[in-house]
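There are 4 protein chains.
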Amino acid sequence: MLRVARVPKHPGSRHRPVVIPVAGTALLLIDVINDLAFEGSQTLIREAEPMAARLAALKRRATAAGVPVIYINDNFGQWRSDFRRTVAHCTALSSPGHRVSRRLRPTARDYFVLKPKHSGFYDTTLDTLLGDLRIRRVVLTGIAGNICVLFTANDAYMRELRIFAPSDCIVSNTAQDNESALRQIELVLKGNIAASGRLTFGSRRSRR
Amino acid sequence: MLRVARVPKHPGSRHRPVVIPVAGTALLLIDVINDLAFEGSQTLIREAEPMAARLAALKRRATAAGVPVIYINDNFGQWRSDFRRTVAHCTALSSPGHRVSRRLRPTARDYFVLKPKHSGFYDTTLDTLLGDLRIRRVVLTGIAGNICVLFTANDAYMRELRIFAPSDCIVSNTAQDNESALRQIELVLKGNIAASGRLTFGSRRSRR
Amino acid sequence: MLRVARVPKHPGSRHRPVVIPVAGTALLLIDVINDLAFEGSQTLIREAEPMAARLAALKRRATAAGVPVIYINDNFGQWRSDFRRTVAHCTALSSPGHRVSRRLRPTARDYFVLKPKHSGFYDTTLDTLLGDLRIRRVVLTGIAGNICVLFTANDAYMRELRIFAPSDCIVSNTAQDNESALRQIELVLKGNIAASGRLTFGSRRSRR
Amino acid sequence: MLRVARVPKHPGSRHRPVVIPVAGTALLLIDVINDLAFEGSQTLIREAEPMAARLAALKRRATAAGVPVIYINDNFGQWRSDFRRTVAHCTALSSPGHRVSRRLRPTARDYFVLKPKHSGFYDTTLDTLLGDLRIRRVVLTGIAGNICVLFTANDAYMRELRIFAPSDCIVSNTAQDNESALRQIELVLKGNIAASGRLTFGSRRSRR
Numbered sequence: 001m002l003r004v005a006r007v008p009k010h011p012g013s014r015h016r017p018v019v020i021p022v023a024g025t026a027l028l029l030i031d032v033i034n035d036l037a038f039e040g041s042q043t044l045i046r047e048a049e050p051m052a053a054r055l056a057a058l059k060r061r062a063t064a065a066g067v068p069v070i071y072i073n074d075n076f077g078q079w080r081s082d083f084r085r086t087v088a089h090c091t092a093l094s095s096p097g098h099r100v101s102r103r104l105r106p107t108a109r110d111y112f113v114l115k116p117k118h119s120g121f122y123d124t125t126l127d128t129l130l131g132d133l134r135i136r137r138v139v140l141t142g143i144a145g146n147i148c149v150l151f152t153a154n155d156a157y158m159r160e161l162r163i164f165a166p167s168d169c170i171v172s173n174t175a176q177d178n179e180s181a182l183r184q185i186e187l188v189l190k191g192n193i194a195a196s197g198r199l200t201f202g203s204r205r206s207r208r
Numbered sequence: 209m210l211r212v213a214r215v216p217k218h219p220g221s222r223h224r225p226v227v228i229p230v231a232g233t234a235l236l237l238i239d240v241i242n243d244l245a246f247e248g249s250q251t252l253i254r255e256a257e258p259m260a261a262r263l264a265a266l267k268r269r270a271t272a273a274g275v276p277v278i279y280i281n282d283n284f285g286q287w288r289s290d291f292r293r294t295v296a297h298c299t300a301l302s303s304p305g306h307r308v309s310r311r312l313r314p315t316a317r318d319y320f321v322l323k324p325k326h327s328g329f330y331d332t333t334l335d336t337l338l339g340d341l342r343i344r345r346v347v348l349t350g351i352a353g354n355i356c357v358l359f360t361a362n363d364a365y366m367r368e369l370r371i372f373a374p375s376d377c378i379v380s381n382t383a384q385d386n387e388s389a390l391r392q393i394e395l396v397l398k399g400n401i402a403a404s405g406r407l408t409f410g411s412r413r414s415r416r
Numbered sequence: 417m418l419r420v421a422r423v424p425k426h427p428g429s430r431h432r433p434v435v436i437p438v439a440g441t442a443l444l445l446i447d448v449i450n451d452l453a454f455e456g457s458q459t460l461i462r463e464a465e466p467m468a469a470r471l472a473a474l475k476r477r478a479t480a481a482g483v484p485v486i487y488i489n490d491n492f493g494q495w496r497s498d499f500r501r502t503v504a505h506c507t508a509l510s511s512p513g514h515r516v517s518r519r520l521r522p523t524a525r526d527y528f529v530l531k532p533k534h535s536g537f538y539d540t541t542l543d544t545l546l547g548d549l550r551i552r553r554v555v556l557t558g559i560a561g562n563i564c565v566l567f568t569a570n571d572a573y574m575r576e577l578r579i580f581a582p583s584d585c586i587v588s589n590t591a592q593d594n595e596s597a598l599r600q601i602e603l604v605l606k607g608n609i610a611a612s613g614r615l616t617f618g619s620r621r622s623r624r
Numbered sequence: 625m626l627r628v629a630r631v632p633k634h635p636g637s638r639h640r641p642v643v644i645p646v647a648g649t650a651l652l653l654i655d656v657i658n659d660l661a662f663e664g665s666q667t668l669i670r671e672a673e674p675m676a677a678r679l680a681a682l683k684r685r686a687t688a689a690g691v692p693v694i695y696i697n698d699n700f701g702q703w704r705s706d707f708r709r710t711v712a713h714c715t716a717l718s719s720p721g722h723r724v725s726r727r728l729r730p731t732a733r734d735y736f737v738l739k740p741k742h743s744g745f746y747d748t749t750l751d752t753l754l755g756d757l758r759i760r761r762v763v764l765t766g767i768a769g770n771i772c773v774l775f776t777a778n779d780a781y782m783r784e785l786r787i788f789a790p791s792d793c794i795v796s797n798t799a800q801d802n803e804s805a806l807r808q809i810e811l812v813l814k815g816n817i818a819a820s821g822r823l824t825f826g827s828r829r830s831r832r
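As structure tokens, this is what we get:
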């Protein structure tokens with residue numbers, strides 16, 4: 001059992017910028033390289049496409065600031081394929097998720113972690129990679145908010161990582177699912193869910 | 209990303225008994241041995257006391273049927289104490305949770321697993337114990353629904369265990385939190401959330 | 417503490433063929449895609465080259481029989497690179513390990529698992545992959561016998577996998593290290609260390 | 625693959641005292657609470673009894689210096705029993721290991737971790753406990769050197785903990801097994817295997 005504070009710690013702070021120190025922070029993109037080829041994915045795709053534009057902007061700012069970017073991605077049961085092949089498959093025109101995947105196509109500077117299950121930490125190299133990079137804070141983004149993002153957030157919380165989950169860079173199958181995931185991240189996991197426009201990378205000290 | 213079925217698999221089945229085979233099933237009691245000594249715990253206690261009565265009845269039926277009962281419990285940061293001492297502390301009259309803890313006091317037949325974090329699987333012996341007992345199905349109960357029960361449920365799901373989460377044997381700090389946890393267990397984790405009164409332990413075969 | 421049988425279970429059986437059932441078996445190649453670019457690697461390379469020929473033959477027989485082949489490989493601290501790039505690096509003429517790596521170059525049918533540390537099970541997808549393939553028996557081969565092979569063997573043993581460690585498909589920095597690793601695998605981990613020439617893939621039943 | 629230095633880093637240092645800083649260090653006692661009730665245990669018991677006297681002295685010095693002491697112990701398959709009951713069983717006169725277990729009987733200040741398998745890290749709370757105590761260095765002692773001590777040492781090494789394995793506080797079934805485990809700890813895991821008499825707890829700074 002864990003106690004949950006019912007009162008937001010900083011009332012009235014909903015519009016202030018949130019400064020995230022560069023050192024110790026990583027940006028995690030969860031299942032954004034995705035063919036989104038499942039029945040009923042249209043609603044999700046409609047949300048995911050504008051989200052991808054916002055997330056691409058956030059990623060550019062992270063990269064410019066020196067914050068490492070880590071793709072955590074399903075292998076779609078294709079144990080023999082590598083991430084390159086997954087990218088090719090998901091960005092092909094035949095993939096319903098091609099616009100999302102293209103917008104967020106990884107570069108040679110980005111890290112990637114293959115995940116076999118829902119949580120980015122379950123049976124993956126993520127723990128070791130975060131340790132090597134000395135990460136204490138994660139910015140969690142991606143698809144779907146109430147599934148892989150939430151599972152990953154729970155596991156990050158148990159590892160005592162500070163969580164940022166920009167509410168406009170996470171999408172779920174329904175708006176209700178997304179809200180209830182964000183609520184869970186904020187109340188239980190004590191995460192910051194400020195929208196991406198409010199996030200700035202940079203140490204407080206160095207800002208003038 | 210995981211696909212989520214939006215339509216309940218068995219519509220109209222909300223009142224039928226649910227038969228859970230004895231072999232391969234375990235009943236898990238999460239954080240029920242609990243002093244509930246935190247600010248604002250009154251609401252939770254008010255819900256937890258009648259829940260404890262229902263859960264005690266479910267436990268009696270499980271034990272009678274030969275289903276192993278596993279207590280998964282916080283050590284309240286007391287790394288040096290054993291479960292016996294935790295039970296003594298939580299059942300003492302000075303503990304706000306004493307009525308809940310007494311009602312569900314473990315017996316010498318029950319198993320117990322100490323958990324240091326929220327999920328019953330995180331850095332615990334639970335995986336090994338379930339393996340030894342050849343468990344493929346877990347009945348998840350306890351406190352709080354949207355925290356330790358949900359974290360444990362997520363981890364059970366990634367391990368491909370079938371989940372039962374009797375809705376009247378799980379309590380959270382608020383009704384909304386409890387409902388949203390049960391919804392998550394049902395829709396995402398494909399769990400069965402039938403109330404405890406509907407659950408019967410016994411193989412279909414042996415029933416006449 | 418674990419009890420260790422001091423007496424070989426099947427005395428006099430040192431030359432008989434060992435039949436390994438196909439179903440439930442995987443062949444694991446540990447760190448064979450390797451640039452072997454470290455000081456003092458000459459001795460190891462001298463042993464590894466003929467070993468690679470024997471292991472390539474064993475791999476051909478495994479593949480022909482339908483036994484899945486899994487490469488478990490270091491990423492040499494190159495978190496951004498994929499396995500394809502590692503293969504290219506290790507098979508280049510400039511790599512002291514190029515002959516070993518070429519001889520054992522993976523094909524599109526082979527599986528691969530990236531490992532960040534010594535054991536193939538530590539923070540990797542191996543557990544999930546073996547579960548998906550329903551593996552209960554592993555044939556462990558590769559480099560170095562007393563380090564990554566032994567660490568992986570220990571972890572396989574704790575997971576109750578049956579271990580085969582063909583003595584002529586494992587090399588270490590010194591002969592003494594190799595022997596003591598094989599002794600440990602045989603006595604403590606109850607592994608079978610028959611040389612690769614004695615191993616046959618195929619169910620006993622179907623053999624005439 | 626891991627490179628192994630063949631040359632001892634500090635030749636001629638075999639007799640100098642080894643000062644281990646107090647902060648960040650824990651003393652681990654592995655399977656010393658043990659009934660040693662297995663066929664052929666006489667040899668091991670003969671070694672374990674004087675070892676227990678030396679280890680008890682080391683434990684006294686650790687406790688005096690403020691170094692936490694952690695018992696990591698088998699539950700002998702008794703999932704329902706707690707550590708108290710295991711201590712009672714192993715210290716009873718009927719237990720062949722009673723002299724060892726009595727000499728090393730835990731006090732109320734000591735921590736304990738139940739382990740279901742050979743490594744102290746496998747499916748246990750040890751990772752979390754060491755994290756809470758901010759441990760970066762472990763002094764590994766106990767039974768048997770080439771099994772549970774070595775498995776635990778391997779796992780400690782992958783977690784980047786510095787290893788001390790006092791050679792006279794570790795016993796195995798045979799002298800050869802013990803030596804080969806210590807050799808592995810020294811060469812592969814870069815552990816310090818100085819005998820317990822040479823170990824002093826205390827920061828270099830504060831020593832005059």
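Chains as they are written, first to last, in our numbering: chain G, 1 to 208; chain A, 209 to 416; chain F, 417 to 624; chain W, 625 to 832. Note that beta-carbon positions come from the ideal geometry of N, C-alpha and C, so glycine has one too. Predicted model, so just to flag it, every value in this text is computed and none were measured.
Check	Outcome
Which listed residue (A/LEU312, A/ALA300, A/THR332, A/ASP363) has its alpha carbon closest to that of A/VAL346	A/ASP363
Paired residues, beta bridge with A/PHE372 - DSSP	A/VAL347, A/ASN400
Buried/exposed call for G/LEU29, threshold 16 Cβ in 10 Å	buried
W/SER804 at chain F interface by Cβ criterion, 7 Å	yes
Contact list for W/ASN778 against chain F, beta-carbon separation under 9 Å	HIS534, SER535, LEU566, PHE567, ASN570, ASP571
Limits of the alpha helix (DSSP H) - the one that W/PRO775 falls within	Looking at the sequence itself, residue 775 of chain W is Phe, so the reference to Pro does not match. 774 to 782 is the span of the alpha helix (DSSP H), which, as asked, contains W/PHE775.
Chain A contact for W/THR731 (CB, 7 Å cutoff)	no
Residue interval of the alpha helix (DSSP H) (run including A/ALA265)	250 to 273
Beta-carbon proximity check, W/ARG760 vs W/GLY690, cutoff 7 Å	no
Whole-angstrom C-beta distance between F/PHE567 and F/SER535, which should lie under 8 Å	4 Å
Contact list for A/VAL396 against chain G, beta-carbon separation under 8 Å	ASN146, ILE147
Residue range of the unbroken beta strand (DSSP E) whose run includes G/LEU29	25 to 30
Euclidean distance between Cα positions of A/MET259 and A/LEU244	14 Å
Closer than 7 Å at the beta carbon, the chain A residues around G/TYR122	MET366
Presumed contact (8 Å Cβ cut-off) between F/ALA518 and F/GLU465, rounded CB distance	Note on identity: in this sequence residue 518 of chain F is Arg, with Ala being the wrong assignment. So it is not a contact: roughly 10 Å between Cβ atoms.
Proximity test, Cβ basis, 7 Å: F/ARG550 and chain G	no
Residue of F/ILE586, F/GLY613, F/LEU615, F/THR590 minimising C-alpha distance to F/ILE601	F/ILE586
Three-state secondary structure (DSSP) of G/LEU36	coil
Cutoff 7 Å: G/ASN127 Cβ touching any chain F Cβ	The identity of residue 127 of chain G in the sequence shown is Asp, whereas the question assumes Asn. Answer yes: the Cβ-Cβ gap between G/ASP127 and chain F drops below 7 Å somewhere.
Minimum Cβ-Cβ distance from A/ASP282 to chain W less than 7 Å	no
Residues near A/ALA402 in its chain [Cβ-Cβ closer than 7 Å; skip 5 each side]	VAL226, PRO374
Residues that F/GLN458 contacts on chain W, provided the C-beta gap is smaller than 7 Å	By Cβ distance, chain W contributes nothing, its closest Cβ being about 13 Å from F/GLN458, past 7 Å.
Counted within 10 angstroms of its Cβ, other Cβ atoms place A/ARG415 as buried (16 or more) or exposed	Note that A/ARG415 scores 41 on pLDDT, short of 50, meaning its location in the model is unreliable; the coordinates nonetheless yield the value given after this. A/ARG415 comes out exposed.
Beta-carbon gap between F/ASP539 and G/ASP127 smaller than 7 Å	yes
Limits of the unbroken alpha helix (DSSP H) element including F/ASP490	No alpha helix (DSSP H) contains F/ASP490, which is instead part of the beta strand (DSSP E) from 485 to 490.
F/ILE579 versus F/ALA597, F/GLU595, F/LEU605, F/GLY561, residue with shortest Cα-Cα distance	F/LEU605
Distance, A/ILE355 Cα to A/LEU348 Cα	13 Å
C-beta neighbour in chain A for W/ASP655, strict 7 Å	no
Neighbour flag for A/ASP290 against chain W, beta carbons, 7 Å	yes
Distance between A/ASP318 and G/ALA26 (C-alpha atoms, nearest Å)	43 Å
beta-carbon A/PRO225 near the ligand MG non-hydrogen atom, thresh 6 Å	This structure simply doesn't include the ligand MG, nor any ligand for that matter.
Per DSSP, the bridge partner or partners of G/LYS115	G/ASP74
Pick from A/LYS325, A/THR333, A/ASN400, A/ILE351 that is closest to A/ARG254, judged by C-alpha positions	A/ILE351
Opening and closing residue of the alpha helix (DSSP H) in which W/PHE707 lies	707 to 715
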